[in-house]
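Participant: Before anything else, here's the structure in question.
2 protein chains.
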Amino acid sequence: MKASKSKPTVNIGLCGFGVVGQGVWRHLKEKSEVFEKKLGSLFKISRVAVRDMAKEREIDLDPSLLCEDPLEVANDPEIQIVCELMGGTEIAREVVLAALSKGKIVVTANKALLCFHGKEIFEAARKHGGHIFFEASVAGGIPIIKALREGLIANRFSLIYGILNGTCNFILTHMEKEGQSYEVILDEAKRLGYAEADEALDVDGWDSAHKASILAFLAHGKWVSTDEMLVEGIREITQEDFAYANKFGYSIKLLAVITRDFETDRLFINVQPTLISRRKVLANVDEVYNGICVCGDVVGTTFYMGEGAGQNATASAVIADLADAVSVLNGSKHPLFSGEISPVEPNEENSLKVSTLGEVMSKYYIRVAVMDIPGVLAKVATILSNNGVSIASVLQQEGTDGTGASIVLTTHKTSEEAIQKMVKDFETTDSVLSPPVLLKIGEFED
Amino acid sequence: MKASKSKPTVNIGLCGFGVVGQGVWRHLKEKSEVFEKKLGSLFKISRVAVRDMAKEREIDLDPSLLCEDPLEVANDPEIQIVCELMGGTEIAREVVLAALSKGKIVVTANKALLCFHGKEIFEAARKHGGHIFFEASVAGGIPIIKALREGLIANRFSLIYGILNGTCNFILTHMEKEGQSYEVILDEAKRLGYAEADEALDVDGWDSAHKASILAFLAHGKWVSTDEMLVEGIREITQEDFAYANKFGYSIKLLAVITRDFETDRLFINVQPTLISRRKVLANVDEVYNGICVCGDVVGTTFYMGEGAGQNATASAVIADLADAVSVLNGSKHPLFSGEISPVEPNEENSLKVSTLGEVMSKYYIRVAVMDIPGVLAKVATILSNNGVSIASVLQQEGTDGTGASIVLTTHKTSEEAIQKMVKDFETTDSVLSPPVLLKIGEFED
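Keeping their order, the protein sequence lines are chains W and A.
Numbered per numbering that gives the first Met the number 0, the first sequence spans residues 0 to 445.
Numbered per numbering that gives the first Met the number 0, the second sequence spans residues 0 to 445.
Below is the structure:
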C-alpha cells in the first residue's frame, strides 16, 4: 500500500546556525528519506537566520535561504516550525514569542530562556494556539522531557534528581581519576571543548538549575525561579574531598534535586555537590554523561542516562521534537503538546509553595581548613553547636601542604538555614583559614 | 481559563481483570481528575471482560459492566479503546484482531502475542485504520517503546541490549548476594511472587526473547521469530561461575542483545547469560529491575532502567498508552501511532536478513565438569581446537564436591556455529561429566 501521492512539506526555519543548528541541518539532510517514510511528511529547511551572512561555513547553504534577522524567520508566513537554536535570553525570547503569537510551533534547546521566561512563553502559546517543544533543553538526547510529559503521565513525582551538567561531571570524573586539581582538569576540559571559555554558568551550578526548573515545571506545573533554589558549584572541591569520598565508598557528583512533599504541598530545587554511594547507578554515571532518577508513585524509580550535550545528541532531541511537531501539523489536538499543557494536579496552582531554607533538611560533609593550634577543634565544634548543627563524625588531620590542619565533619540532618548561618560564623572566625567546603550527603531510598 | 464545557468521554473496555487490569482500574479511578485536566478527556471504563463473573473481587465493580466474552468488548461499538490484559496468544489474538478490524485503538501488555502475531496484527491495524499501543509489553513502566519510536527517531540502532526479565535478574542477583544455589533462590523468588509456578518462560530466556523481538521490530522494522534467535537460560549457572565472575570483576546477567550490521545488512537477536564488567552501569542493575542500553548513530549511547514488571509499573505504561490514544481520538494522524508504522529505512525490507550462526562472533567463558584423570585437559583442548575454537585462558581446579575437576576456559572470538558443534562433541565425550556451562563475555564499547 505505497502511497503515490506527493508528501506534504513541512517548512522549518532555523534561528541560529552554530554547532547545534548545523547538526540538525546535517542529520535532516542525511536521513530525509527515512523521515519522509516514517512521518509521511518532507522536512524542508526554508530559511536560516545567522549572525553574519558573510561568514564562510563548512556547510554549503543556498545563500537565498540566509538572513541576519531571526525575527524575519519567526514572522515568515511560510514557516510552520521555528527552531530557536541561538541561545541567549533576549533576542531568543522575542523570536519565540513572535512565532508563538502567530500560532506557530517552536522547537528550542534553550534552557536559560525557559527557566527565565517559561511562564510568559507558555502563556503566549496558550493564548495564540502555538506549541512549544523543548526536548533538547535538558539532558541532550535523552528523551527525558517526553518521559515526564507522556511516558510517565500516570505518576506524581515526589523526587527527581540527577546529573544535568556534562561539564561538571567531566571535571569531577577526571579529578577523581587523575588525582589532579580542579584548575588542571578545568583547563583540560576547555582544551577538549567540554567547557566554555567562561565556565561560570556550568561550574557554579546555574546551567543545572535552569534545567531543573524545566523538569520541575513538567512534573509540578510551577516555574521556580533560581532565586528560590539553593545553588552551589564545584570550584572548591579538592583532592582531600575525593580521598574522603573514596575511603567511604562515595562518588562526588553535582546533583540537581527536585523534591515535592505532597503532604505539606512544598516544592524545592537544590543544585549541590553531593556524596552518593558508589553502589548507586547514578554514582557511576561518569565523563560527560547525564543521568536522571525519576521516582513516580505508580512506576517506582526509573533512571535515564546519555550524553548531556554536543552537536549530535542535541540534534537527536531537536529532530524528535520536529517529528512530534508533524503530529500537531497533522491535526493532533493532544493537549500535552500545546500551550494547554498544565501538568499540575487540580486546584494545586495556588497552594503549592517553594520550601524555605528552614524547612529543607539534609546531612552534610563539611571540611574546614584551620590553623594547627590548640583549641581549634573546640572552636569549630562550638560554631556547629551554636547553630544547632549536630555532629555525626569528626576527623582532624594535618593539612596536605604542612601549614594548617583539616577538620572533616559529617552532620546529622540539619536545616539548610542552620548550615548557612554556620558558614557565616566560620567566615568571622580567626582560626578558620578559608570558607568551608560543603558536600551534601545524598540519601536516596531506591 | 477553566473550560466550562463538558469534557469528551473516552470509553475503554478492559479484557482481563487480573493483577494488571485491576491496577489500571485503580489508578484511573484515583487520578481521574488529573487525567481529565491533563488530557481534556474523561476516561471511562465501560466494560470489563473477566474469566469468571461469579468470582469475588477486592475491587467492587458494577456488575452491569462485566461480561465473560472478551470479544463482546472488542466488538462493542461504544468502546473506543480495547485494553488487552489477558495474556495468552490465542483468544488475545482474536480480541486484538477483532478490535483493530473495527478501526479501534488497542492497548496491550502482551509481549508473546506481539512476538508471535505482530506481523498480522500490524497489518490488520494498517488495513482497517486501527492503532496499537504496547508500552507495557517491554520493561514494565520504563517508557522504552516511546523512546525508540519517538524520542530517538533521528537514530539508526546498531546495538540495543539489556536485562529484560526481572525474574532472572532477581535470581542472579540473589545467587550472587546469598551464595545459594539456583534451586534455593528460585524457591525464594516463587515465595515472594517474583517467579511463576511454572518458571520456564522466564528462566529459559523466552520472555526476554519475546520482548527483544518487539524492540527489534521498532528499531529495524522486521519481526524476527524466536526460531531465528539464539536463546539460552540461566538454569545451569552455579556458584562456581559466580566465583569466577567475582574474581575477574564481572556480573552475570541474562542479556538480550539486538545487533544490526548496516554494512552487511544483517540483524541478530540473542538471549544469553553474559559476563559484563562491573564498571558498566548495566552490570549494577540488580533485583527485579530491567535496564536497556540503546546505541544510536546520532544520540550515542542512552540507557534506561526501572522495575520490569508488577501491577503498578505495568499500569503506569498502560495508562501512558491510553493518554497517547487520546491524541489519536482527537484527530492526530501521527503515522508513528498508527498501523502505518514502518520503522524501516527505505528499500531495506527485502535486503535485511537475520544472521546465521556462522556469522555471529562472540567470546565465551566455558566451564566443563570432567573426571579428574590424566589427559582430560588435553581431550577438552582438542575438542575446542577441532572446532576452531581458540583458547584465551585456561584454569583447571578440583571440583567443589571432591568427585571431579572443573576446567574453566575463555575463548577468543568464535562463531556461534563452532561453539554449538563444540557443545555437541562434549556430549559424546566420556570424561566430560555434564553439559558445559557457557557464558558469553560481553564486550560493549560504551
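All C-beta atoms in this analysis are idealised placements derived from N, C-alpha and C, irrespective of residue type, glycine included.
Quick caveat: nothing in here was measured; it's all calculated off a predicted structure.
Please give me, in chain order, every unbroken run of the beta strand (DSSP E) with length at least 3 that falls completely inside the region 114-193 of chain A.
Facilitator: Whole beta strand (DSSP E) segments, 3+ residues: 130-132 and 156-162.
Participant: So, are the CB atoms of Val223(A) and Ala208(A) less than 7 Å apart?
Facilitator: In this structure, Ala208(A) does not lie closer than 7 Å to Val223(A) by Cβ.
Participant: Using C-beta distances below 6 Å, list every residue in its chain close to Thr301(W), excluding the 5 sequence neighbours before and after it, in chain order.
Facilitator: Closer than 6 Å at Cβ, skipping near neighbours: Val293.
Participant: In chain order, what residues of the same chain have a beta carbon less than 8 Å from the beta carbon of Val19(W), not counting five sequence neighbours either side?
Facilitator: Cβ within range, chain order: Leu84, Ala108, Ala135, Gln310, Thr313, Ala314 and Val317.
Participant: Mapping the DSSP letters down to three states, classify Glu83(W) as helix, strand or coil.
Facilitator: Here Glu83(W) sits in strand by DSSP.
Participant: When the Cα atoms are used, what is the spatial distance from Ile340(W) to Thr8(A)?
Facilitator: In this prediction, Ile340(W) has a pLDDT of 46, which is less than 50 and means its spatial position is unreliable; what the coordinates show is noted afterwards. Each residue's Cα considered, the two are about 19 Å apart.
Participant: Please classify Phe16(A): does DSSP put it in a helix, a strand, or coil?
Facilitator: Looking at Phe16(A) - three-state DSSP - the assignment turns out to be coil, as it is neither helix nor strand.
Participant: When burial is assigned at 16 or more other CB atoms within 10 Å of the CB, is Met304(A) buried or exposed?
Facilitator: So Met304(A) ends up on the buried side.
Participant: Does the structure place the region 245-255 of chain A close enough to the region 145-162 of chain A that three or more beta carbon pairs sit under 8 Å?
Facilitator: Verdict: yes, contact present.
Participant: Report the neighbours of Asn154(A) on chain W: residues whose CB is nearer than 7 Å to its CB, in chain order.
Facilitator: Near Asn154(A) (Cβ distances below 7 Å), the residues of chain W are Ser315.
Participant: Near Leu38(W), which residues of its chain fall below 8 Å by C-beta distance, leaving aside the five closest residues on each side in sequence?
Facilitator: Answer for Leu38(W): Ala322 and Val325, listed in chain order.
Participant: Suppose the cutoff is 7 Å on Cβ atoms and the five residues either side in sequence are ignored; what does the same chain contact list for Phe156(A) look like?
Facilitator: These residues qualify, in order along the chain: Ala218, Arg259, Val293, Cys294 and Gly295.
Participant: Would you identify the three-state DSSP class for Gly299(A), choosing helix, strand or coil?
Facilitator: In the structure shown, Gly299(A) sits in a strand (DSSP, three-state: E or B).
Participant: Have a look at the DSSP bridge pairing and note the partners of Phe267(W).
Facilitator: Beta-bridge pairing links Phe267(W) to Thr258(W).
Participant: Rounding to the nearest angstrom, what Cα-Cα distance links Leu13(W) and Phe42(W) in this structure?
Facilitator: About 12 Å.
Participant: Confirm, please, whether the CB-CB distance from Leu376(A) to Gly403(A) is below 7 Å.
Facilitator: Against a cut-off of 7 Å, the Cβ pair of Leu376(A) and Gly403(A) comes out as no contact.
Participant: Can you tell me which of Thr263(W), Asn245(W) and Val287(W) puts its alpha carbon nearest to the alpha carbon of Val353(W)?
Facilitator: Taking only the C-alpha atoms, the option nearest Val353(W) is Thr263(W).
Participant: So which of Phe121(A), Gly102(A) and Ala153(A) has the shortest CA-CA distance to Gly129(A)?
Facilitator: If we check each option's Cα against that of Gly129(A), Gly102(A) comes out closest.
Participant: Quick one: Cα of Ser384(W) to Cα of Ile268(W), how far?
Facilitator: Approximately 27 Å, taken between the alpha carbons.
Participant: Could you check if Met360(W) is buried or exposed, using at least 16 other CB atoms within 10 Å of its CB as the buried criterion?
Facilitator: Exposed, since its Cβ has fewer than 16 Cβ neighbours within 10 Å.
Participant: Let me know the secondary structure DSSP gives Ile372(A) once reduced to three states.
Facilitator: Of the three classes helix, strand and coil, the one that applies to Ile372(A) here is coil, per DSSP.
Participant: Skipping 5 residues on each side, what residues in its chain have a beta carbon closer than 7 Å to that of His26(W)?
Facilitator: Cβ within range, chain order: Ala314 and Ile318.
Participant: Out of Thr273(A), Glu227(A) and Glu235(A), state which residue places its alpha-carbon closest to the alpha-carbon of Gly248(A).
Facilitator: Of the candidates Thr273(A), Glu227(A) and Glu235(A), the one whose C-alpha sits nearest the C-alpha of Gly248(A) is Thr273(A).
Participant: Do Ile104(W) and Ile80(W) have their CB atoms nearer than 7 Å?
Facilitator: Contact flag set, yes.
Participant: Unbroken beta strand (DSSP E) runs of length 3 or more, entirely within the region 15-50 of chain W: which are they?
Facilitator: Counting only runs of 3 or more, we get 41-48.
Participant: Which residues, in chain order, does the region 201-227 of chain A contribute to contact with chain W at a C-beta distance below 8 Å?
Facilitator: Correct list: empty, as no residue qualifies.
Participant: Can you tell me whether Gly299(A) is buried or exposed? The criterion is at least 16 other CB atoms within 10 Å of its CB, across all chains shown.
Facilitator: By the 10 Å Cβ count, Gly299(A) comes out buried.
Participant: Verify the CB distance criterion: does Phe302(W) have a CB-CB separation below 7 Å to chain A?
Facilitator: Yes, Phe302(W) counts as interfacial toward chain A.
Participant: In whole angstroms, what is the alpha-carbon distance linking Asn245(A) and Ile275(W)?
Facilitator: Answer to the nearest angstrom: the Cα atoms are 23 Å apart.
Participant: Count the other CB atoms within 10 Å of the CB of Pro434(W); is the residue buried (16 or more) or exposed (fewer)?
Facilitator: Exposed is the call here.
Participant: Going by DSSP in three states, Ala314(A) sits in which element: helix, strand or coil?
Facilitator: The answer is helix: DSSP assigns Ala314(A) an H, G or I state.
Participant: Does the Cβ-Cβ distance between Ile406(W) and Val379(W) come in under 7 Å?
Facilitator: It is a contact, given that the beta carbons lie within the stated cut-off.
Participant: Looking at the unbroken beta strand (DSSP E) that takes in Ala391(W), where does it start and where does it end?
Facilitator: Here the beta strand (DSSP E) through Ala391(W) covers Ile390 to Glu397.
Participant: Please state whether the Cβ-Cβ distance between Ala98(A) and Ala73(A) is less than 7 Å.
Facilitator: Yes, Cβ-Cβ distance for Ala98(A) and Ala73(A) is below 7 Å.
Participant: With a 10 Å radius around its C-beta and 16 neighbouring C-beta atoms as the bar for buried, classify Gln271(A) as buried or exposed.
Facilitator: Buried, since its Cβ has 16 or more Cβ neighbours within 10 Å.
Participant: Give me the Cβ distance between Ile78(A) and Gln21(A), rounded to the nearest whole Å; I'm assuming they're in contact under 8 Å.
Facilitator: Between Gln21(A) and Ile78(A) the Cβ distance is about 19 Å, and since that is not below 8 Å, they are no contact.
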